[in-house]
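Q: Residue numbers for the sequence shown follow the numbering used here, beginning at 4 and rising by one.
Have a look at this one.
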Amino acid sequence: MKKTMTLNLTDAEMQVLQDLCDKKDLSKTAVLRQALRLYQLVDVRLQQGGKLFFEDETKKEKAELMVL
Numbered sequence: 004m005k006k007t008m009t010l011n012l013t014d015a016e017m018q019v020l021q022d023l024c025d026k027k028d029l030s031k032t033a034v035l036r037q038a039l040r041l042y043q044l045v046d047v048r049l050q051q052g053g054k055l056f057f058e059d060e061t062k063k064e065k066a067e068l069m070v071l
């Protein structure tokens, strides 16, 4: 069963959401659902002791992303 909610975003946050929607050709709901699933996956992996990195293969650099 689906539920409806109200979400209060700043103008900047709403612009980021709209930009992602336009870029990915998705609805706001679809973008937020994907973000929620990604956050859930990251949270589970971090709880299991994993780490999250961004890697730039051309520069041979890695940066760990710290998630609160």
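The C-beta atom is built at its ideal place from N, Cα and C for all residues, glycine as well.
(1) Take Val34 as the anchor and find which of Gln51, Leu49, Glu16, Asp46 has the nearest alpha-carbon.
(2) Check whether the Cβ atoms of Glu2 and Lys54 lie closer than 7 Å to each other.
(3) Between Leu20 and Leu12, what straight-line distance do the alpha-carbon atoms span, to the nearest angstrom?
(4) Does Asp22 come out as helix, strand or coil in the three-state DSSP assignment?
(5) At the level of alpha carbons, what is the spacing between Lys27 and Gly52?
A: On the basis of the data shown:
(1) Counting from one through the sequence shown, the residue named residue 34 turns up at place 31. Comparing Cα-Cα distances from Val34 to each of Gln51, Leu49, Glu16, Asp46, the minimum goes to Glu16.
(2) Given a span of 4 to 71 for the chain in the structure shown, any question on residue 2 remains unanswerable.
(3) Here residue 20 corresponds to residue number 17 of the sequence shown, with the count starting at 1. Here residue 12 corresponds to residue number 9 of the sequence shown, with the count starting at 1. Going by the C-alpha atoms only, they are around 9 Å apart.
(4) For the purposes of this step, residue 22 is taken as residue 19 along the sequence shown, with counting starting at 1. Asp22 falls in the helix class under three-state DSSP.
(5) In the sequence shown, residue 27 corresponds to position 24, counting from 1. In the sequence shown, residue 52 corresponds to position 49, counting from 1. Using only the alpha carbons, I get a separation of about 31 Å.
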